[in-house]
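**Q** Per our numbering, the very first residue in the sequence shown carries number 2; after that it's consecutive.
Glycine included, each C-beta is placed from N, C-alpha and C at the ideal position.
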Amino acid sequence: MMTGSKRRDAIINQIKGSTVPVSGRALAKEYEVSRQVIVQDIALIRASGYDIISTNRGYVLHTPHVAYRIFKVHHTDEELEQELCSIVDLGGSVVNVIVNHRVYGHLEAELNINSRRKVMEFLEDIKNGKSSPLKNITSNYHYHRVEAENEETLDMIEEMLRRKGYLVHMEGPFESI
2 MMTGSKRRDA IINQIKGSTV PVSGRALAKE YEVSRQVIVQ DIALIRASGY DIISTNRGYV
62 LHTPHVAYRI FKVHHTDEEL EQELCSIVDL GGSVVNVIVN HRVYGHLEAE LNINSRRKVM
122 EFLEDIKNGK SSPLKNITSN YHYHRVEAEN EETLDMIEEM LRRKGYLVHM EGPFESI
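1. Out of Asp78, Ile13, Arg103, Val34, state which residue places its alpha-carbon closest to the alpha-carbon of Ile53.
2. Hey, out of Ala68, Arg164, His170, whose CA is closest to Gln83's CA?
3. Among His102, Glu152, Glu159, Ser24, which residue has its Cα nearest to the Cα of Thr139?
4. Threshold first: 3 residues or longer. Then list the beta strand (DSSP E) segments lying entirely within the region 38 to 63, N to C.
5. Would you identify the three-state DSSP class for Ser162, choosing helix, strand or coil?
6. Please confirm whether His145 and Val98 have their CB atoms less than 7 Å apart.
7. Return helix, strand or coil for Val67, following the three-state DSSP convention.
8. Closer than 8 Å by C-beta to Asn129: which residues in its own chain qualify, once you throw out the five before and the five after it? Chain order, please.
9. Any idea what DSSP makes of Glu122, helix, strand or coil?
10. Quick check: the region 148 to 165 against the region 58 to 75, are there 3 or more CB pairs under 8 Å?
11. At which residue ranges does the region 65 to 108 contain complete alpha helix (DSSP H) runs of 4 or more residues, listed in the order of the chain?
12. Please name the residue in Pro134, Gly93, Leu91, Met2 whose C-alpha comes closest to that of His75.
13. In whole angstroms, what separates the C-alpha of Val95 from that of Met2?
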């Protein structure tokens with residue numbers, strides 16, 4: 002059975018990915034919970050900072066224009082928490098992790114880390130899954146799509162990554178590692 006936290010993450014992703022409003026009834030059916038549970042989930046999602054709008058046809062996510070950049074970074078497992086916390090502390094959201102493996106090609110995993118709480122949940126999931134971060138298959142080289150409210154925030158994040166020695170110069174988009 003899916004936990005409430007995982008269900009809310011799935012609901013956010015479903016609403017984000019939909020081009021039409023998503024009805025509460027459809028969400029309740031999909032996640033096998035009552036409509037009231039969905040209403041409570043939407044309230045919690047809103048409280049966490051998402052601008053979910055209720056329409057007569059369902060829920061939609063109001064998304065103001067978001068700036069983003071792809072950063073190529075390199076760091077150890079021990080520096081992973083510091084890298085992610087530094088990005089979210091400056092107002093960034095780590096949308097994904099991408100690696101370009103010479104044999105397997107382009108591999109991407111969704112992260113959607115936008116707070117220290119989400120950083121801790123991610124690290125706990127890695128630890129409890131007895132797994133290692135995707136970056137480990139490419140000698141710690143990887144990319145992140147980072148979103149923020151504006152270019153100035155992305156400039157601050159880029160400067161921080163450079164200062165901490167995590168940022169790697171990119172020759173072109175997603176060159177092989």
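**A** Taking the geometry as given:
1. Ile13
2. Arg164
3. His102
4. Qualifying beta strand (DSSP E) stretches, in chain order: 53 to 56, 59 to 62.
5. Reading off the sequence shown, one finds Leu at residue 162, where the question assumed Ser. The DSSP-derived three-state label of Leu162 is helix.
6. yes
7. coil
8. none
9. helix
10. yes
11. Scanning the region 65 to 108 for uninterrupted alpha helix (DSSP H) segments of 4 residues or longer gives 81 to 90, listed from N- to C-terminal end.
12. Pro134
13. 27 Å
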